[in-house]
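Before any comments, here is the structure.
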Amino acid sequence: MLHKTRGIVFKTTNYGESSVIVQVYTEKFGLQSYIINGVKKPRAKINRNMLQPLFLLDMVVYNKPGGGIQRVSELKNEPLLQSIPYDVIKTSIVMFLNEVLYKAVKHQATDENLFGFIFHAIELLEHQQEGLANFHLLFLLKLTRYMGFYPEVNQNINADFFDLKEGVFKRYKPEHTLYLSPPHTQSFNMLLQYSFEDMTALRIGNDERRYLINKLLEYYALHIENFGDVHSHEILEEVLG
């Protein structure tokens, strides 16, 4: 049976001489693997360039209950990304976000709210012209809401520490080493107050941004089983300066 669904490309792997297996996070079916034949042929209806990391898709697919590799009937890039593939900063952001999402989103279950968040964020990045340096920080923080470990909102203005293990702000230093301390706690709390729409007003220095992204990745590793190491942020920070 054929189904129409939107999708987001997570990973594309070569299969045989001219085919690929592409992992797509779909709106209707969650994370799925699709085999697409002939993508490397000169006149391919679906070619490899359409399957770049975090490209947005409009698809007609076959869906067999019980998982396994599925097949695609129709596929197109919708909306077509016209700035991300040609902007070195946006491309670097996408490569980093893609690595995080590939490690974090592992379930096949449908989650339309999570899908909508990722899809909308990529659309925003496509059209955003300013304030890009902190986009990935905001994305990672907001993604935690859908992953189940969003930080407890700080109601205590005297909280100097953020406990990475418990996900809460505290007045006193935790008894372990997995925490943020001043002034990083205040920077982290400030991030929680911003949205993508007003991020151009967000001012964080390069050194502080590097520190916070490393701590956010540590936060992810504490709360997602087998999350592992992420390295693409090092390239991104070089691009951002």
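Counting with the working numbering, you get residues 1 to 241 for the letters of the sequence shown. For each residue, glycine too, the CB sits at the ideal point set by N, CA and C.
Please list, in chain order, all residues of the same chain as residue i whose beta carbon is under 6 Å from its beta carbon, the five residues on each side excluded.
i           : result
residue 47  : 39
residue 227 : 103, 220 and 221
residue 261 : Residue 261 lies beyond the range of the chain shown here (1 to 241); nothing can be said about it.
In three-state DSSP terms, what is residue i?
i           : result
residue 204 : coil
residue 160 : coil
residue 57  : strand
residue 149 : coil
residue 3   : strand
residue 117 : helix
residue 32  : strand
residue 139 : helix
residue 70  : strand
residue 8   : strand
Quick check on this structure: which residue in the options has the alpha carbon closest to the alpha carbon of residue i?
i           : options            : result
residue 10  : 20, 1, 16 and 4    : 20
residue 141 : 212, 3 and 4       : 212
residue 108 : 30, 100 and 196    : 30
residue 117 : 133, 43 and 97     : 97
residue 2   : 27, 26, 44 and 73  : 73
residue 4   : 160, 26 and 44     : 26
residue 130 : 6, 202 and 32      : 202
residue 87  : 79, 132, 65 and 45 : 132
Going by the beta-carbon positions, is the gap between residue i and residue j smaller than 8 Å?
i           : j           : result
residue 230 : residue 217 : yes
residue 69  : residue 35  : yes
residue 24  : residue 57  : yes
residue 81  : residue 115 : no
residue 199 : residue 134 : yes
residue 113 : residue 146 : yes
residue 94  : residue 51  : no
residue 71  : residue 61  : yes
residue 161 : residue 185 : yes
residue 151 : residue 192 : yes
residue 172 : residue 138 : no
residue 84  : residue 125 : yes
residue 49  : residue 18  : no
residue 232 : residue 208 : no
residue 123 : residue 65  : no
If you drop the 5 nearest sequence neighbours on each side, which residues of the same chain put their C-beta closer than 8 Å to that of residue i?
i           : result
residue 178 : 163, 164, 165, 218 and 222
Does the beta-carbon of residue i have 16 or more other beta-carbons within 10 angstroms, so that it is buried, or is it exposed?
i           : result
residue 53  : buried
residue 120 : exposed
residue 176 : exposed
residue 127 : exposed
residue 205 : exposed
residue 12  : buried
residue 241 : exposed
For chain C, is any of its Cβ atoms less than 8 Å away from the one on residue i?
i           : result
residue 139 : This model lacks chain C altogether; it includes just one protein chain.
Got a sec? Which residues, its chain only, sit under 7 Å from residue i by beta carbon, not counting five neighbours each side?
i           : result
residue 92  : 235, 236 and 239
residue 110 : 28, 29 and 30
Using only the heavy atoms of the ligand NAD, determine whether one of them is closer than 7 Å to the beta carbon of residue i.
i          : result
residue 99 : Ligands are entirely absent from the displayed structure, and the ligand NAD is therefore not among its contents.
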